[in-house]
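Residue numbers (the UniProt record's numbering): 1 to 437. Think of the CB as a built atom: it goes at the ideal place given N, C-alpha and C, for glycine as much as any other residue. All values derive from a computational prediction rather than experimental measurement. Everything on this sheet refers to the single structure shown next.
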Amino acid sequence: MRISVIGCGYLGAVHAASMAKLGHDVVGIDVDERKITDLQAGRAPFFEPGLPELLTEVQETGRLSFSTDMAAAEGAQVHFVCVGTPQRKGEYAADLTYVDAAFTELIPYLHEGDIAVGKSTVPVGTAARLAEAVAAGAPGAVLAWNPEFLREGHAVKDTLTPDRFVYGVPEGAAGEAATSALDEVYATPLSDDTPRLVVDYATAELVKTAANSFLATKISFINAMAEICAATGADVTALADAIGMDDRIGRKFLNAGVGFGGGCLPKDIRAFMARAGELGADQALTFLREVDDINMRRRSRVVELTRELVGGSLIGKRVTVLGAAFKPNSDDVRDSPALSVAAQLQLQGATVTVTDPEALDNAKLRFPELSYEPDLKKALYNAHALVLLTEWDQYKGMDPVETGSLVDEQNILDGRNVLDPASWRAAGWNYRGIGRP
Ligand code: UDX
Numbered sequence: 001m002r003i004s005v006i007g008c009g010y011l012g013a014v015h016a017a018s019m020a021k022l023g024h025d026v027v028g029i030d031v032d033e034r035k036i037t038d039l040q041a042g043r044a045p046f047f048e049p050g051l052p053e054l055l056t057e058v059q060e061t062g063r064l065s066f067s068t069d070m071a072a073a074e075g076a077q078v079h080f081v082c083v084g085t086p087q088r089k090g091e092y093a094a095d096l097t098y099v100d101a102a103f104t105e106l107i108p109y110l111h112e113g114d115i116a117v118g119k120s121t122v123p124v125g126t127a128a129r130l131a132e133a134v135a136a137g138a139p140g141a142v143l144a145w146n147p148e149f150l151r152e153g154h155a156v157k158d159t160l161t162p163d164r165f166v167y168g169v170p171e172g173a174a175g176e177a178a179t180s181a182l183d184e185v186y187a188t189p190l191s192d193d194t195p196r197l198v199v200d201y202a203t204a205e206l207v208k209t210a211a212n213s214f215l216a217t218k219i220s221f222i223n224a225m226a227e228i229c230a231a232t233g234a235d236v237t238a239l240a241d242a243i244g245m246d247d248r249i250g251r252k253f254l255n256a257g258v259g260f261g262g263g264c265l266p267k268d269i270r271a272f273m274a275r276a277g278e279l280g281a282d283q284a285l286t287f288l289r290e291v292d293d294i295n296m297r298r299r300s301r302v303v304e305l306t307r308e309l310v311g312g313s314l315i316g317k318r319v320t321v322l323g324a325a326f327k328p329n330s331d332d333v334r335d336s337p338a339l340s341v342a343a344q345l346q347l348q349g350a351t352v353t354v355t356d357p358e359a360l361d362n363a364k365l366r367f368p369e370l371s372y373e374p375d376l377k378k379a380l381y382n383a384h385a386l387v388l389l390t391e392w393d394q395y396k397g398m399d400p401v402e403t404g405s406l407v408d409e410q411n412i413l414d415g416r417n418v419l420d421p422a423s424w425r426a427a428g429w430n431y432r433g434i435g436r437p
């Protein structure tokens, strides 16, 4: 099939390359010239494991091209819209400027029988509104909503072997046409028995927001338990292991620590609350306010614990923050707990050095006032305290004895509960975890 992918960020670039891998002829379109130049040269414009190899592989087949010109969408049968929906400045609601602009520009290139597919995370009701615009501007074209569940750091695998497909389609013949077009696009994973659910637009939009709200709730639940563990001397890691063995609960997303960040979970739960308010259903989601509060409280708690660790005042203390990305295997620093903690530590008088294997360029753009050191050893020299906030393998694998020989004072706050307290304490460290004795 001929496919266009509009928006080549974390979602669109991976989607475009993956669709070409499935055997389709794909053009990726983005307004950002730098991104398109990179992609045309076979370079991934951001860090995503497996993407550079995938780009090289599919570009050799000649099935993948990129352009900054929306006219390149002409002639494709299926058009995926993968642009961002960030949080509006100073508000909870999602900013739909990019989605609206993408559809306004795409509609003139849609023809009868074409399928426009929204993949962006949008407030419920957006697809119905856009369907009217498609019907008015491109009679005979059909809109489908096909949410994407990929995780950064696992985006290639999640796209090529998803847990499920969700198609939001209109009723009747138009819906059947959209369903069979999407089935044809995804024929390979579907033939591997990947479940596929065909629903209405509103349900499709809500599947994504509900899934992200559930994941955020799971993380804040275990972080609330960490607060109780801290007050009682219990161990939240063992607690998570034990409750996670009940397969109705499951162990995944029960890692207590500095909390969730990134370009999705925080802004998605806020946009969901804002949309519920518009719908007169705000009471249904007041618990998400609490989920958000528990999450933000984690960051202040980590700052407090660091202050305690260095003897009560951060003034004049050299603190090394391990990690800048919002999670490992990503260079994404959007709403990164690590950087937010680093900035608070500095505000309270610490001399902060942030290190990260991939995310420092992005971090510098967002927090130019912080100091950065890409070399882990150099970042450790003479520190009074280490604060581990992004669980990269290289930090999980640090040797407590060797690390102890580099620092000035052996204080470590394990903000992701990934180190073995016994071996760090045995090497002379003052070790603190989150909700662990
Ligand atoms: C998320 C959803 O998982 C994905 O399905 C959706 O498409 C986009 O949003 P992503 O933002 O890439 O994906 O990251 P995810 O792996 O979900 O992690 C989100 C945040 O939660 C990270 O900051 C991570 O460190 C934190 N987290 C995750 C925890 O604090 N504890 C956990 O147990 C799991």
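Asked, Found
"E148 beta carbon near the ligand UDX (any heavy atom closer than 7 Å)", "yes"
"Buried or exposed (CB count within 10 angstroms, at least 16 for buried), T37", "exposed"
"Whole-angstrom C-beta distance between A72 and S4, which should lie under 8 Å", "7 Å"
"G262 CB to nearest heavy atom of the ligand UDX below 7 Å", "yes"
"Counterpart residues of N430 in DSSP-defined beta bridges", "N411"
"Straight-line gap, V319 to Y372 (C-alpha atoms, nearest Å)", "12 Å"
"Straight-line gap, D30 to K317 (C-alpha atoms, nearest Å)", "45 Å"
"Terminal residues of the alpha helix (DSSP H) in which D361 lies", "L360 to R366"
"Contact check, V14 vs L106, beta carbons under 8 Å", "no"
"Residue from G9, H24, L22 and G23 with nearest C-alpha to L39", "G9"
"CB of L309 within 8 Å of CB of L389, strictly", "no"
"Buried/exposed call for F214, threshold 16 Cβ in 10 Å", "exposed"
"N- and C-terminal bounds of the beta strand (DSSP E) containing V352", "T351 to T355"
"Residue(s) in a DSSP beta bridge with F66", "G28"
"Where the beta strand (DSSP E) containing I6 begins and where it ends", "R2 to I6"
"G118 in three-state terms, based on DSSP", "strand"
"Top-ranked residue by Cα proximity to F221, from E290, Q410, R164 and A116", "E290"
"Test: S336 CB closer than 8 Å to a CB of chain B", "The displayed structure is made up of one protein chain only, and chain B is not part of it."
"W424, DSSP secondary structure in three states", "helix"
"Whole-number beta carbon distance between V418 and V387, since they are thought to touch under 8 Å", "With 8 Å as the limit, V387 and V418 do not qualify as a contact, their Cβ atoms being about 13 Å apart."
"Reference A343; option with closest CA among L370, V134 and G7", "L370"
"Range of the contiguous alpha helix (DSSP H) that encloses T179", "G172 to V185"
"CA nearest to the CA of residue 443, picked from A338, G433 and R2", "Outside the shown range of the chain (1 to 437) lies residue 443, about which nothing can therefore be said."
"Near the ligand UDX: F46 beta-carbon under 7 Å from a heavy atom", "no"
"Reference F47, options S330, W392 and D420, closest by Cα", "S330"
"Unbroken alpha helix (DSSP H) run spanning L322, endpoints", "Note, L322: premise wrong, no alpha helix (DSSP H); beta strand (DSSP E) at R318 to L322."
"Pairwise C-alpha distance: K252 and E74", "43 Å"
"Cβ-based neighbour list, D95, same chain, cut-off 6 Å, excluding 5 preceding and 5 following", "P86 and R88"
"Test item: CB-CB of A141 and H111 under 8 Å", "yes"
"DSSP-derived helix/strand/coil call for Q59", "helix"
"Selection from K267, R297, D268 and H24 that minimises the alpha carbon distance to G257", "R297"
"beta-carbon N255 near the ligand UDX non-hydrogen atom, thresh 7 Å", "yes"
"Simplified DSSP assignment, three categories, for H384", "coil"
"I228 classed as buried or exposed, judged by whether at least 16 other C-beta atoms fall within 10 angstroms", "exposed"
"Backbone secondary structure at F103 - three-state DSSP", "helix"
"Candidates A181, D292 and G84: closest to E148 by CA position", "G84"
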